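Asker:
Residue numbers (this note's numbering): 3 to 652.
Structural data, given as structure tokens:
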């Protein structure tokens, strides 16, 4: 076998076949017209001081004098090595006096006399004068070799013996180092657009929801419409994942937002023929929307964890925390718009189209008595009495309504456009390997067979019940009845601000305050607030209304944060399915709250809420006990395994 063969027989008997391939640097160096000259070997050998009697190429493996070509050939995939693309011009070797070939004795370079080395330098200088017109290109990220430089030997920079530039990018190149930051920017951009669009859309939805029982109180139109929305959402959550897998999460979100726009447009002329069909369509879209939102954020968190090398659970908490913190502000913006529009309409009506506001915006069901004696817990519950809070004619009502709904429709359309044009399609799906029937079975299995999640069902339903009471009964029987319609927005703004502040405080102090303490304080405050509004007869004192609204916002923040935390802790193996069930049970609570408005009095609902809160607390204690038991078992197993490992080491 030739000494310049790219193969060697040193691999015999090691399971590597007959021959073991040489290193790429050796093969590259021994190709035709690329044999190393004596000067090149001397330049490398002088920098390394290698005096071992061994193969030149093989002996340089562990030395510091390796040239850049070797690292590019043998360590191309190494992240810690960063090489510069070089463009080198080489002439084919011509027989001249400066080309000194080396015999097949690889160790003769260590024994060259001093006179011979001087002759080599002179020959190289003569050759360099004939190559003055040729240049090489070296990038800024060039890593200099620790071997002797050409300047130290008075060798010109043009003396190289490679004729192909290596322009292959390395993992640490400038372009590749910017790739993770670009990808992370894309993740953050998608999260921001998703959050802003939901804030715009649900600011509109919640503001209209707060006004439904006050504006559309004829024949319980507003209550019926809200019941249809939450009932359709309850039925949709089971098969929403199947629809998302067909369309992808982005287009499911687009369709869900479009359903909200249709319902908002129907409020321009509210009637059973316009509101009920669009309410059913909106509830269907809302079930798909919330499931798609959870899948999209989960996919963003998973992709971000792959880039940042963070744990997936930390990324999920971070992305969901950012989204929920922004979403909680939806109580503020839409209600602010409604308060401004209705207040301006009331001011215009003092001498104009709306007439005397004291007559048009009635503050009592018995205006002749001059006393507010049928508001709050005494609000009538006879189905034959349709309400009577809004005693306005159509000519007086519709100008204000069109102005308000026009502003809401524009805001909702902006949120829809942000999703349609700016949100990326990232392929988020819900268990794409499963069929729709299997996903529905998994939903039901989690509800029926998961022991800890079953204990949380009363609490999840209660979270929807208490929200429905605020939207349907508190706004109509307490705020609109005792004050005026425009104060509904201001009251809900106070509730929203308190909700956001308390949610942030709970998140900040989560590592210092246990869940049981937060839950206990929230339960005690909520029972106290419900007892107060049960015996309180509302008057025109706005401060009391605002204080009660702030207390209700505090309690809602406790339930929302604790429900999200408990779901993540109890169902880590199926978080998206658990959140879909959470939305389904919450919509069931809202459905019960709105649907019961036609046959239950306000004080009856308050008694029912107090009972539900007590039952939810009892089941929560059992669920928390199971979670603690599981944690203790895991800790015991971990400590036992740790002690076993230590005993083995000792």
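The beta carbon of each residue, even a glycine, is placed where N, CA and C say it ideally should be. Just so you know, these numbers come straight off a predicted model, no measurement behind them.
Where does residue 558 fall in DSSP's three states?
Answerer: Helix at residue 558.
Asker: Under the three-state reduction of DSSP, which class applies to residue 541: helix, strand or coil?
Answerer: Coil, per DSSP.
Asker: Going by DSSP in three states, residue 241 sits in which element: helix, strand or coil?
Answerer: In this structure, residue 241 counts as coil in the three-state DSSP scheme.
Asker: Give the straight-line distance between the Cα atoms of residue 565 and residue 342, rounded to the nearest whole angstrom.
Answerer: Distance between the alpha carbons of residue 565 and residue 342: 34 angstroms.
Asker: Quick one, which of 196, 585 and 244 has its alpha-carbon nearest residue 435's?
Answerer: When each option's Cα is compared against that of residue 435, the closest is 244.
Asker: Quick one: is residue 325 buried, meaning 16 or more other Cβ sit within 10 Å of its Cβ, or exposed?
Answerer: When all chains shown are included, residue 325 counts as buried.
Asker: Which term fits residue 285, buried or exposed, when burial requires 16 or more other beta carbons within 10 angstroms of its beta carbon?
Answerer: With 16 or more Cβ atoms within 10 Å of its Cβ, residue 285 is classed as buried.
Asker: Return the chain-ordered list of same chain residues with a C-beta closer than 7 angstroms to the C-beta of residue 481, the five sequence neighbours on each side being excluded.
Answerer: Result list for residue 481: 489, 490, 493 and 547, in chain order.
Asker: Does DSSP put residue 427 in a helix, in a strand, or in coil?
Answerer: Three-state result, residue 427: coil.
Asker: Could you spell out where the alpha helix (DSSP H) holding residue 583 opens and where it closes?
Answerer: Its alpha helix (DSSP H) spans residues 577-597.
Asker: Once the 5 residues before and after residue 452 are set aside, which same chain residues still bring their CB inside 8 angstroms of it?
Answerer: Result list for residue 452: 572 and 573, in chain order.
Asker: What do you get for residue 298, buried or exposed, if any count of 16 or more other CB atoms within 10 angstroms of its CB means buried?
Answerer: Buried, because 16 or more other Cβ atoms sit within 10 Å of the Cβ of residue 298.
Asker: With DSSP as the reference, label residue 383 as helix, strand or coil.
Answerer: Here residue 383 sits in coil by DSSP.
Asker: Relative to the alpha-carbon of residue 272, which residue among 337, 403 and 470 has its alpha-carbon at the smallest distance?
Answerer: Per the Cα distances, 403.
Asker: Just to confirm, are residue 334 and residue 470 a CB contact at a threshold of 8 angstroms?
Answerer: Taking 8 angstroms as the Cβ cut-off, residue 334 and residue 470 do not qualify as a contacting pair.
Asker: Take every Cβ of the segment 609-625, pair it with every Cβ of the segment 529-538, and state whether three or more of those distances are shorter than 8 angstroms.
Answerer: Short answer: they touch.
Asker: Please work out which residues of its chain come closer than 7 angstroms, Cβ to Cβ, to residue 212, disregarding the five sequence neighbours upstream and downstream, and give them in chain order.
Answerer: Here the set comprises 337, 473, 477, 490 and 494.
Asker: Considering only the alpha carbon of each residue, which of 625, 214, 557 and 522 lies closest to residue 1?
Answerer: Residue coverage of the chain in this structure runs from 3 to 652, which leaves residue 1 outside it and unanswerable.
Asker: Starting from residue 310 and walking both ways along the alpha helix (DSSP H), at which residues does that stretch end?
Answerer: That run of the alpha helix (DSSP H) goes 274-310.
Asker: Evaluate the contact criterion for the segment 228-237 versus the segment 414-421: three or more CB pairs, one atom per stretch, below 8 angstroms.
Answerer: Contact fails: fewer than three Cβ-Cβ distances are below 8 angstroms.
Asker: Please state whether DSSP places residue 219 in a helix, a strand or coil.
Answerer: The answer is coil: DSSP assigns residue 219 none of H, G, I, E or B.
Asker: Does the separation of the CB atoms of residue 558 and residue 468 fall below 8 angstroms?
Answerer: Against a cut-off of 8 angstroms, the Cβ pair of residue 468 and residue 558 comes out as a contact.
Asker: Can you name the start and end residues of the alpha helix (DSSP H) that residue 485 belongs to?
Answerer: It is not in any alpha helix (DSSP H) - residue 485 carries neither H nor E in the DSSP assignment.
Asker: For chain C, is any of its Cβ atoms less than 8 angstroms away from the one on residue 550?
Answerer: The question asks about chain C, but that chain is absent: this structure has only one protein chain.
Asker: Count the other C-beta atoms from every protein chain shown that fall within 10 angstroms of the C-beta of residue 312, then say buried if there are 16 or more, exposed otherwise.
Answerer: Exposed, because fewer than 16 other Cβ atoms sit within 10 Å of the Cβ of residue 312.
Asker: Go ahead and pull the three-state DSSP assignment for residue 435.
Answerer: Coil, per DSSP.
Asker: Hey, out of 220, 310 and 225, whose CA is closest to residue 183's CA?
Answerer: Among 220, 310 and 225, the Cα nearest to that of residue 183 belongs to 310.
Asker: Pairs of beta-carbons, one from the segment 217-236 and one from the segment 585-600, closer than 8 angstroms: are there three or more?
Answerer: These segments touch.
Asker: Determine, using beta-carbon pairs with one atom in the segment 315-332 and one in the segment 299-306, whether at least three such pairs fall under 8 angstroms.
Answerer: Yes, since at least three Cβ pairs between the segment 315-332 and the segment 299-306 fall closer than 8 angstroms, the two stretches touch.
Asker: Ignoring anything shorter than 4 residues or poking outside the segment 453-525, list the alpha helix (DSSP H) runs there in chain order.
Answerer: The segment 453-525 contains these whole alpha helix (DSSP H) runs: 453-470 and 488-510.
Asker: Quick one: what does DSSP say residue 345 is sitting in, helix, strand or coil?
Answerer: Note: residue 345 maps to helix in three-state DSSP.
Asker: Using 8 angstroms as the cut-off, can you tell me whether the segment 498-512 makes contact with the segment 581-588, which would need three or more C-beta pairs spanning the two stretches below that distance?
Answerer: In short, these stretches do not touch, since the Cβ pair count stays below three.
Asker: Please classify residue 202: does DSSP put it in a helix, a strand, or coil?
Answerer: Helix at residue 202.
Asker: If you follow the alpha helix (DSSP H) that residue 269 is in, where does it begin and where does it stop?
Answerer: Premise fails: residue 269 is in no alpha helix (DSSP H) and is neither H nor E.
Asker: Going by C-alpha to C-alpha distance, which of 330, 426, 328 and 345 sits closest to residue 188?
Answerer: Nearest option by C-alpha distance: 426.
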